[in-house]
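Asker: Sharing a structure below in C-alpha cells format, with a few things to ask.
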Amino acid sequence: MLKRLLSYLYPIKIYSQKSDLSKSVEVTWANGDLVIDSLNTNYSYGSLQRILKLGLKNIGFAKIKKMESVLVLGVAGGSVIKTLIDDIGFSGKITGVEIDSEIVEIANRYFKLDKIPQLEIVIDDAFEFVLKTKDKYDLIIIDIFQDTKMPNFLFETFFIDRICFLLKSKGSILFNTMILNEADNLRNQKLISTFRKGNFLIKSIPRVEKHNELIVIEKLL
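According to the numbering used here, the stretch in the sequence shown is residues 998 to 1218, in order.
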C-alpha cells in the first residue's frame, strides 16, 4: 500500500526481468496503478489500456457485451482483457494468444489472469495460431509489439485475409498500430486502402497517446 501511495509522486519499480523475446520487462507502480513496461514503451495497463479502451468504446461497449467470443492477439499483461471484463461486463469466451511465456507468467503473478475462468491463454505465434484455428470470433484485437517494433507479417495480405476469414458476420477488428515515421504512416494508409475495396467499414483513430493509431474494421456481412 505504501508503494502504491508513493507512486503518485514517482514511479516505483517492483520487478524487472530480461526476456529473450521482449528484451527488458519491468513491473512498476505508477500513479497508483501497476503497469508493465518494455525498454521504450508501455506494454500493459497505463497508457496502453487507455488506448485500447478508446478503441473498444468506438466499437461500442453495448455491442461488445452481447458478443460470444473474442480473440486477443498479443496478451502481454492482459490489460485489454481486464477492460473487457471489468468495464464492459463481457461474459463470453476470451482466447488470448501470446508468444512470450515469460510475460504470461508475470501477468498471472501480478494481474491474476489465470484466475479468469472465461479466459484461455495459448502460448503460440499469432501468425501460426490464425493459420491453425478453426474457430471464428465476434471481435479480434491485434496488439502485437516487440518493444516499439511491429512484425511485418501483421500487414501482409495473407495474414489480413486470414483474420477477416476468422471474423464472424457483423464482427469487428481492433488493430493497435504505432507510427514513428513516414514509412509507418504509408504502411497504415496502404492497409486502410485495401479494406475500402471489400465488404468492410474501416476507420482510423490517429495519434492516440502521440504515436499510436487505432484501426477499427467492421465486417458488414
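Backbone N, C-alpha and C fix where the C-beta goes; we use that ideal spot for every residue, glycine too.
Keep in mind that this is a model prediction, so the values were computed, not measured.
(1) Using C-beta distances below 6 angstroms, list every residue in its chain close to Leu1217, excluding the 5 sequence neighbours before and after it, in chain order.
(2) So Ile1061 packs on Ile1085, CB below 8 angstroms; how close in whole Å?
(3) Would you identify the three-state DSSP class for Gln1186, choosing helix, strand or coil?
(4) Hey, how far is the Cα of Glu1023 from the Cα of Asp1097?
(5) So the candidates are Asp1111, Val1067, Lys1187 and Gly1071; which of them puts its Cα closest to the Cα of Glu1125?
(6) Which residues mark the beginning and the end of the beta strand (DSSP E) in which Glu1210 is found?
(7) Ser1066 by DSSP, collapsed to three states: which one?
(8) So, helix, strand or coil for Val1205, using DSSP?
(9) Going by beta carbon distance, what residues of the same chain come within less than 7 angstroms of Lys1015, once the five residues before and after it are set aside?
(10) Could you tell me whether the Cβ of Arg1106 comes closer than 9 angstroms to any Cβ of chain C?
(11) Applying the 10 Å Cβ sphere with the 16-neighbour rule, what's the burial state of Gln1046?
(12) Among residues of its own chain, excluding the 5 on either side of Asn1209, which ones have a beta-carbon nearer than 8 angstroms to its beta-carbon?
Answerer: Looking at the atomic coordinates:
(1) Closer than 6 angstroms at the Cβ level, and outside the excluded window around Leu1217, lie Asn1196.
(2) With a Cβ gap of about 5 angstroms, Ile1061 and Ile1085 count as contacting.
(3) The answer is helix: DSSP assigns Gln1186 an H, G or I state.
(4) One C-alpha to the other measures close to 14 angstroms.
(5) Looking at the Cα atoms, Gly1071 is the closest of the given residues.
(6) Unbroken beta strand (DSSP E) run through Glu1210: Asn1209 to Lys1216.
(7) DSSP, read as helix, strand or coil, puts Ser1066 in strand.
(8) The answer is strand: DSSP assigns Val1205 an E or B state.
(9) Closer than 7 angstroms at Cβ, skipping near neighbours: Ser1021.
(10) The structure shown has no chain C; it contains just one protein chain.
(11) That one is buried.
(12) Result list for Asn1209: Ile1048, Asn1173, Thr1174, Met1175 and Ile1176, in chain order.
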